[in-house]
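Chains as they are written, first to last, in the working numbering: chain A, 1 to 289; chain B, 1 to 186.
The next block holds one structure in the form of structure tokens; read it before the comments.
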Amino acid sequence: MKTDTRTFRRLALSLPGAALAAAWSLPVGASGHGPVFALATPTLARGAWSSDTAAMGLQTSAGAPVMFRQMIGYGLTPDLQLNVSVPLAPTLDRIAAPPRSRLAAMMGAWGEAEASVMWRFHSRAPRIGVRRESTLLLGFATPMDARRNGVRVGPSVHLALVTGYASRSWYWWGGAGYEYYLPRNADRLGALPYLTAALGYRPAYFRNAGRPDWRGFLEAVAEFPGRNRIAGRTDPNSGGSRLLIGPSVLGLFGAWGIGAGMLWPVTQHLNGNQPGERYRWAVNVSYWF
Amino acid sequence: MNVLNHLLPRSAGLATLGAAVLLPITAQAALLEVRQTVFGMDCAPCAYGLQRALRALPGARAARVRLNDGTAWVAFRPGSPATLEQIRTLVRNQGFSPRGAWVRAEGRLYRQGPNWLIELTPTVRYRAIPPQGLTWPVPPPDGTRLRVEGTIPEGLRKRDGGPPELRVTSFAPEHARPPTATAPHE
């Protein structure tokens, strides 16, 4: 309960982007938004800004780490978006073996500050309320911690590709990503390839004007973290694979949005003595300005 | 719209219409109301952001975006300098795709060679296609000021580089009392 209160306070206090936007009162840029964990193709108007403040965590047999992240996005053009994402309150030192995961795929990995560009290279609007699009995401991350899982952590490059469909009723996205870590001294964190999928639906009640815009998603994330190298040797307690599935919801109100979800592992194969994951969760508050 | 058509004499009276509305060209012609079709909008923030942007157009007095119909509606004060191209640029800047539009505007109808043109501003002209079965009245040398309603297709530039088409569905002398522009009901 005490942890929950502390978590809530940190989330409530960690809305710098939204507070700045409210004070600034700039014209609002529209944005599409999507699932909490999986890759998607959000849109951001030319010259518009977005703020995403998220709390995310997971439960393992070794502990329950929580991470807060803040991401600011800027729409250079409707098809080109720049993002900066930073952890607000790193908690990696609270557990011995933090998970190898990006959690929210578009926001960056544990303990890393990431700058990225999203290029919507394909977009077709065949009729009213329907959009098909594909986006390439390229990011560069730097670790906020010197060591992770006993490994000296180097900077990383993240590349992801996602394609999807958005309409007034149904949504779907399918994506793949790869995060490659550069070596630091003789250590190197294993690469993180992953796949994501999301299927969403907006009930008819929420398609009518004047009502909140709510939709639900079924999300799936498959991660295949590579083995770490410590002092030039492969760490036997690293690497593996996991598949997680679960629901999320997204509510949009004018320039605000809130999303929340949970995933549970369907399968987990982790090498060595790595703690298994029981579930993961995330809450994200968005504002477009 | 049908009321406006009833103001028009259909035969030789059209010629007298042009003479009757000879007015000095003083006031700036302009868009009065636009209903722009938009493809690709799927969510409430999409509509919200576009609506805010449309309301910020110079001379705009009201704007509403309807997701289920895929339309962006804007009403302007007389003399507004806003153009349809500006509206369509706003739609593209939001990440969506503008299609055809219905407009109500005031402009100067005049003949240029074989074409009839309607000029909303010195830089905004359309090739005026009259309603089916009607022909334009013979205008005075400096044109006839009209209030028109019609549709403009998706592309604003024709392949031959000429002005885009405004397919007029009704027109009336500029001084005719206009219908009140109201936001489309949900």
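We put the CB at the ideal spot given by N, CA and C, even for glycine.
Contacting residues, own chain, Cβ-Cβ under 6 Å from residue i (five flanking each side not counted)
i	result
E179/A	S156, H158, L192
V285/A	T53, I258
R88/B	P98
D93/A	Low confidence applies to D93/A: its pLDDT is 42, below 50, so where it sits in the model is not reliable enough to give any reading.
V91/B	V38, P98
A109/A	R102
R184/A	R152, G154
G73/A	L44, S50, Q81, N83
A115/A	V84, F140
T196/A	A38, L39, A105, G175, V221
Where residue i sits in the DSSP three-state scheme
i	result
L199/A	strand
G276/A	coil
V91/B	helix
R55/B	helix
Q132/B	coil
E106/B	strand
E174/B	coil
L103/A	coil
E154/B	coil
G261/A	strand
R46/A	coil
G49/B	helix
R152/A	strand
F39/B	strand
A204/A	helix
A30/B	strand
A282/A	strand
L67/B	coil
L218/A	strand
L39/A	coil
A115/A	strand
A44/B	helix
R61/B	strand
S169/A	coil
Proximal residues to residue i (C-beta, below 7 Å), its chain only, five neighbours per side dropped
i	result
A120/B	As written in the sequence, residue 120/B is Leu, which differs from the Ala given in the question. So the list reads A29, A30, L31, A105, G107, once near-sequence residues are dropped.
Selection from the options that minimises the alpha carbon distance to residue i
i	options	result
L292/A	R102/A, E112/A, G47/A	Given that chain A is displayed from residue 1 to residue 289, the structure contains no residue 292/A and the question cannot be resolved.
A125/A	L57/B, I129/B, F96/B	F96/B
N149/A	R215/A, I128/A, R242/A, S101/A	S101/A
P122/B	R52/B, L109/B, V103/B, N115/B	L109/B
V168/B	V148/B, E85/B, T144/B	V148/B
C43/B	N228/A, M71/A, G108/A, S169/A	S169/A
P265/A	T163/A, I245/A, T142/A	I245/A
P131/B	V38/B, F171/B, V74/B	F171/B
G139/A	S123/A, G164/A, V86/A	V86/A
W73/B	P81/B, N93/B, A101/B	A101/B
G209/A	P153/B, R66/B, A56/B	Reading off the sequence shown, one finds Ala at residue 209/A, where the question assumed Gly. Ranking the options by Cα distance to A209/A, first place goes to R66/B.
A141/A	N83/A, G200/A, V283/A, L76/A	N83/A
N273/A	E223/A, G239/A, F68/A	G239/A
G162/B	E154/B, V138/B, R127/B, E174/B	R127/B
L166/B	D142/B, T135/B, W136/B, V103/B	V103/B
Y205/A	G216/A, L199/A, A198/A	G216/A
A62/B	Q86/B, E85/B, E33/B, M41/B	E33/B
F68/A	V117/A, A113/A, L136/A	A113/A
L161/A	V36/A, L137/A, H269/A	L137/A
Beta-ladder partner(s) of residue i, from DSSP
i	result
D187/A	R184/A
R145/B	R108/B
P87/A	R69/A
D213/A	L252/A
H269/A	S241/A
T60/A	G63/A, E277/A
V162/A	T135/A, G175/A
Q81/A	G75/A, M118/A
D235/A	BP columns for D235/A are empty, so no partner.
E165/B	R127/B
T83/B	Paired residue(s): none; T83/B is not in a bridge.
R229/A	R188/A, T234/A
A109/A	Paired residue(s): none; A109/A is not in a bridge.
F224/A	In the DSSP output, where bridge partners are listed per residue, F224/A has none listed.
G246/A	E219/A
V74/B	V34/B, A63/B
heavy atom of the ligand SAM below 7 Å from residue i C-beta
i	result
N185/A	The ligand SAM is not part of the structure shown, which contains no ligands of any sort.
Beta-carbon proximity list for residue i, same chain, < 8 Å, skipping 5 on both sides
i	result
P81/B	Q28, A30, P58, G59, T121
L26/A	The pLDDT assigned to L26/A is 37, lower than 50, so where the model puts this residue is not dependable; a value taken from the coordinates is nonetheless given after this. Contacts found: W49, F289.
R278/A	L58, Q59, T60, S61, W264, P265
V249/A	W214, R215, G216, F217, G259, A260, G261
F253/A	P212, D213
R207/A	R168, S169
Practice prompt. Please list the segments of the alpha helix (DSSP H) lying wholly inside the region 118 to 147 of chain A, counting only runs of 4 or more residues, in order along the chain.
Written response: none
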